[in-house]
Amino acid sequence: MGYTRPTPIQAEAIPVILAGRDLIGCASTGTGKTAAFLLPILQRLHAGTAHGKLRALILSPTRELALQIDEQALALGYHVGLTGVAVVGGVEMRMQERALRGGAEIVVATPGRLLDHMRFGYVDYSALEVVVLDEADRMLDMGFLPDILRILHALPAERQTLMFSATIAPEIR
Numbered sequence: 006m007g008y009t010r011p012t013p014i015q016a017e018a019i020p021v022i023l024a025g026r027d028l029i030g031c032a033s034t035g036t037g038k039t040a041a042f043l044l045p046i047l048q049r050l051h052a053g054t055a056h057g058k059l060r061a062l063i064l065s066p067t068r069e070l071a072l073q074i075d076e077q078a079l080a081l082g083y084h085v086g087l088t089g090v091a092v093v094g095g096v097e098m099r100m101q102e103r104a105l106r107g108g109a110e111i112v113v114a115t116p117g118r119l120l121d122h123m124r125f126g127y128v129d130y131s132a133l134e135v136v137v138l139d140e141a142d143r144m145l146d147m148g149f150l151p152d153i154l155r156i157l158h159a160l161p162a163e164r165q166t167l168m169f170s171a172t173i174a175p176e177i178r
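Read in order, the letters of the sequence shown are residues 6 to 178 in our numbering.
If you want it as structure tokens, here you go:
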């Protein structure tokens with residue numbers, strides 16, 4: 006990833022995430038927001054005991070961003086033995102279903118496709134520890150609020166919630 010020292014968003018967010026607290030992080034594009042949540046999540050999952058179950062859910066507004074995040078998560082997670090899957094449109098659902106049922110620990114998803122899998126009962130949130138809403142403002146601008154609320158309602162109440170974005174409207178804060 007090319008970091009020699011933490012960026013400002015990483016320096017502020019990582020300790021909060023490692024402490025298990027909820028967070029709203031706001032920083033410009035290209036400042037390392039993805040690493041700010043991925044690195045502490047990977048550390049936490051690696052140290053945990055519920056391996057082989059969905060423990061981290063990252064929601065993204067677009068397929069392209071979800072695939073980018075998934076690529077980074079897999080590259081970093083590979084070194085600590087964590088598995089993941091991107092759950093996005095444009096890919097056969099059966100492949101995603103197999104990964105979800107097969108114990109993917111990190112799921113990076115767009116809201117619509119994740120809801121498709123939820124309708125079929127392919128997603129088990131019983132071990133979920135953390136949910137990330139990446140580019141939260143864009144998801145709201147794109148009309149995903151009802152989908153996001155449906156997803157959040159299905160998650161365990163005891164979880165860490167992280168929101169990251171380049172801009173966060175005052176009413177969201």
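Even for Gly, the Cβ is constructed at its ideal location relative to N, Cα and C.
- Task: Would you mind reading off the limits of the beta strand (DSSP E) that contains A114?
- Result: Position 109 of the sequence shown, counted from the start, is the residue given in the question as residue 114. A114 -> beta strand (DSSP E) spans 111-114.
- Task: State the Cα-Cα distance for the pair D27 and G95, rounded to the nearest angstrom.
- Result: Against the sequence shown, residue 27 aligns to sequence position 22. Against the sequence shown, residue 95 aligns to sequence position 90. Distance between the alpha carbons of D27 and G95 is about 32 Å.
- Query: For T166, which three-state DSSP category applies?
  - Reply: One-based indexing of the sequence shown puts residue 166 at position 161. Note: T166 maps to strand in three-state DSSP.
- Query: Excluding five sequence neighbours on each side, which residues of the same chain lie with their C-beta closer than 6 Å to the C-beta of P66?
  - Reply: Locating residue 66 in the sequence shown gives position 61, counting from the first residue. E140, R143, M144, M147.
- With a threshold of 16 other CB atoms inside 10 Å of the CB of E151, please say whether the residue is buried or exposed. Position 146 of the sequence shown, counted from the first residue, corresponds to residue 151. According to the sequence as given, residue 151 is Pro; it is not Glu. Answer is exposed; the Cβ neighbour count stays below 16.
- Query: Between T39, M100, I22, A55, which lies nearest to S131 when the distance is taken from Cα to Cα?
  - Reply: To locate residue 131, count along the sequence shown from 1; it is residue 126. The residue with the shortest Cα to Cα distance from S131 is A55.
- Message: Please identify the residue among A32, E134, A114 whose C-alpha is closest to the C-alpha of A52.
- Response: Translated into positions along the sequence shown, residue 52 becomes position 47. Selected option, being the one with the closest Cα: E134.
- Item | Span of the beta strand (DSSP E) around D139 | Within the sequence shown, residue 139 is the residue found at index 134, counting from 1. Looking at the DSSP string, the run of the beta strand (DSSP E) that includes D139 is 135-139.
- Does the count of Cβ pairs from the segment 28-38 and the segment 8-18 closer than 8 Å reach three? yes
- Message: Determine whether the beta carbon atoms of V90 and A71 lie at a separation below 8 Å.
- Response: The sequence position of residue 90 within the sequence shown is 85, counting from 1. The sequence position of residue 71 within the sequence shown is 66, counting from 1. For V90 and A71, no; Cβs fall outside 8 Å.
- Message: Please tell me whether G25 has its Cβ less than 8 Å away from any Cβ of chain D.
- Response: Checking the listed chains, one finds no chain D in this structure; it contains a single protein chain.
- Item | C-alpha gap between A1 and P20, whole angstroms | Missing from the structure shown is residue 1; the chain here goes from 6 to 178 and no further.
- Residue range of the beta strand (DSSP E) that includes V92: Along the sequence shown, read from residue 1 onward, the residue named residue 92 stands at position 87. 89-92 is the extent of the beta strand (DSSP E) around V92.
- Contact set for L79: own chain, Cβ-Cβ below 7 Å, skip 5 residues either direction: Position 74 of the sequence shown, counted from the start, is the residue given in the question as residue 79. So the list reads G89, once near-sequence residues are dropped.
- Please go through the same chain and pick out, in chain order, the residues whose beta-carbon is closer than 7 Å to the beta-carbon of V85, but skip the five residues on each side of it. In the sequence shown, counting from the first residue as 1, residue 85 sits at position 80. Same-chain partners within the cutoff: L47, H51.
- Message: Let's see if you can read the secondary structure: which residues bound the alpha helix (DSSP H) around L105?
- Response: Taking the first residue of the sequence shown as position 1, residue 105 is located at position 100. Element bounds for L105: 98-106.
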